[in-house]
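The block underneath contains the structure these notes are about, expressed in C-alpha cells.
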Amino acid sequence: MGFEHRYPKVEMHSEAHPRLGGGVAVWKFGALPDMLGPDCWAVVAARLLLSQPFEPGLAAVLEFIGRSARADRAWVLRFNHDLTTMRNTNEWCASGITSHVEDLQDVPVTMIGDMLLPLREGQTLAINDVELLGRGMRSMQREFRLQGIRSTLTVPVMAEEGLIACIGLDCNRQQRDWMESEVHALTQIAALIGVSRIEGAPLTRELIAPTSSASARLYLRSGHSARGVDPEDICSVEADGSGTTILLASGETVSDDRPLRWWHSVLPEQMFLRTHRSAIANLRKVERFQRRSRGQDPELILKGSKRPTPVARSQVPEVRRRLGM
Numbered sequence: 001m002g003f004e005h006r007y008p009k010v011e012m013h014s015e016a017h018p019r020l021g022g023g024v025a026v027w028k029f030g031a032l033p034d035m036l037g038p039d040c041w042a043v044v045a046a047r048l049l050l051s052q053p054f055e056p057g058l059a060a061v062l063e064f065i066g067r068s069a070r071a072d073r074a075w076v077l078r079f080n081h082d083l084t085t086m087r088n089t090n091e092w093c094a095s096g097i098t099s100h101v102e103d104l105q106d107v108p109v110t111m112i113g114d115m116l117l118p119l120r121e122g123q124t125l126a127i128n129d130v131e132l133l134g135r136g137m138r139s140m141q142r143e144f145r146l147q148g149i150r151s152t153l154t155v156p157v158m159a160e161e162g163l164i165a166c167i168g169l170d171c172n173r174q175q176r177d178w179m180e181s182e183v184h185a186l187t188q189i190a191a192l193i194g195v196s197r198i199e200g201a202p203l204t205r206e207l208i209a210p211t212s213s214a215s216a217r218l219y220l221r222s223g224h225s226a227r228g229v230d231p232e233d234i235c236s237v238e239a240d241g242s243g244t245t246i247l248l249a250s251g252e253t254v255s256d257d258r259p260l261r262w263w264h265s266v267l268p269e270q271m272f273l274r275t276h277r278s279a280i281a282n283l284r285k286v287e288r289f290q291r292r293s294r295g296q297d298p299e300l301i302l303k304g305s306k307r308p309t310p311v312a313r314s315q316v317p318e319v320r321r322r323l324g325m
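Structure below.
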C-alpha cells in the first residue's frame, strides 16, 4: 500500500534583487501542504520539540507524523531503568481507532519476544504483515490482533545507556508495506527524541521509569490523543463544560474529555480534595489559603498554577483540617 506524499512548493521569487545585485537569486516557499513527505518530517518534529516543553511537544510530534504518514496510531513506549518492564506513555489515534494506552502498563519486556534483541541493538523493525510473524512473536502477535493492528513500524530511541524507548506507527484499516523513506524519517525523529531534554537533564531510563504502582498513573484524554501523568504532577482539576481542565505542576494546562465527577472517583483521596462543585485541588501543592471580601468564596493558591482554585464555604472546615490549620 503506498501513499502520495507532498512537499513544500519552492518558487523563484525573483532572479535578481535590486540591493543584493544580479548574482543573487531569491527563492521562497509556498504554503505547506496538508500531507508532508517523509523528508520533511524530522525538520517539523524538531521544531515541535524545541518550541515547547517536552511532553506537549512529543504529543504534537505523534499527531503530526501520524497524520502525515496516514497511519492509524502513533505511539511511544518507554522502558524502566533495568529494561525489564515497559509502558505506553503517549498515543495519538486517528478518528474511529480505539486507544489501548492503558492496556500496556508496566508489562514485562518478554511480551515483545524476539523484537527486543534487534531493538536493543538500535535496529528498526518494519512489520509489514502481522499475520506472518514467527513463533517467537506469538505473544506480541496476540496483542497486535487485540488492537486490530495489521502493520506496524517500531523504531528504537537510544541514549548513552542503550535502549530507553520506542516510537512507532500502526496501520489498522489495511495492511501496509513500509517505505524506506518512512523508516528513515522515523529513525531521525527517534534520534531527536533521544537527545531531547527534560528539566535540563538528558532523557534517560531513570527519568522515564514507571512508577512503583501501575494503577497510580492516570491518562489525560483529549480528542484522539492520550497522555500519561502521575497524580502528584496534577495541581488541580476544574470543570469545563462537559469535560475538565487539568492544571499541571509544570504550569501547563491540558484539556480532558471526562467530567469532574470521573476525576473525583479516581484521584487518590489522601492527596486530593473536592474543594468546590467545580474544582478538585491537590492539597500537597497549596501555597496559600486566603479568604476574599464581599461574601466571595475563599480560594487556594497552588504551586505551578496561575489562577486560584475556589473553595466552597461548606468545605472550608475540611480544607483547614487537611492543611493542619
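For the sequence shown, counting from 1, position 174 maps to 174 in full-length UniProt numbering; every step adds exactly one. All C-beta atoms, glycine included, are put in the ideal place defined by N, C-alpha and C. Since this is a predicted model, take the numbers as computed values, not measurements.
| Asked | Found |
| --- | --- |
| Distance, GLU102 Cα to PRO268 Cα | 18 Å |
| Candidates PRO38, GLU55, SER51: closest to ALA226 by CA position | GLU55 |
| Nearest candidate by alpha-carbon position, reference GLY122, set GLY241, GLU232, ALA279, CYS166 | CYS166 |
| Candidates CYS235, ARG291, PRO298, ARG307, of which the one nearest PHE272 by Cα | CYS235 |
| Own chain partners of ALA69 with C-beta closer than 7 Å, once the 5 adjacent residues on each side are dropped | LEU169, GLU182 |
| Burial state of GLN147 (16 or more Cβ within 10 Å) | buried |
| Complete runs of the beta strand (DSSP E) confined to the stretch 125-175 [at least 3 residues] | 125-127, 151-159, 162-171 |
| Burial state of GLY134 (16 or more Cβ within 10 Å) | exposed |
| Nearest-angstrom beta carbon gap, THR244 and LEU260 [assumed within contact, 8 Å] | 5 Å |
| Where the alpha helix (DSSP H) through GLU318 begins and ends | 316-322 |
| Identified DSSP bridge partners for PRO310 | GLU299 |
| Distance, GLU161 Cα to ASP82 Cα | 10 Å |
| Under 9 Å between C-beta atoms of GLU63 and TRP92 | yes |
| Assigned exposure category for GLN141 - 16 Cβ within 10 Å defines buried | buried |
| Contacting residues, own chain, Cβ-Cβ under 7 Å from VAL311 (five flanking each side not counted) | THR275, HIS276, ASP297, PRO298, GLU299, LEU300, VAL319 |
| CA-to-CA distance, VAL76 to VAL44, given in whole angstroms | 18 Å |
| Inter-stretch contact (C-beta, 8 Å, three-pair minimum) for the stretch 282-291 and the stretch 301-308 | yes |
| Limits of the alpha helix (DSSP H) - the one that HIS224 falls within | Unbroken run through HIS224: none, as it is neither H nor E. |
| Cβ-Cβ separation, PHE289 to LEU323 (assumed contact under 8 Å), whole Å | 6 Å |
| 9 Å Cβ cutoff met for ASP72 and ILE97 | yes |
| Cβ-Cβ distance between ILE65 and ALA185 below 9 Å | yes |
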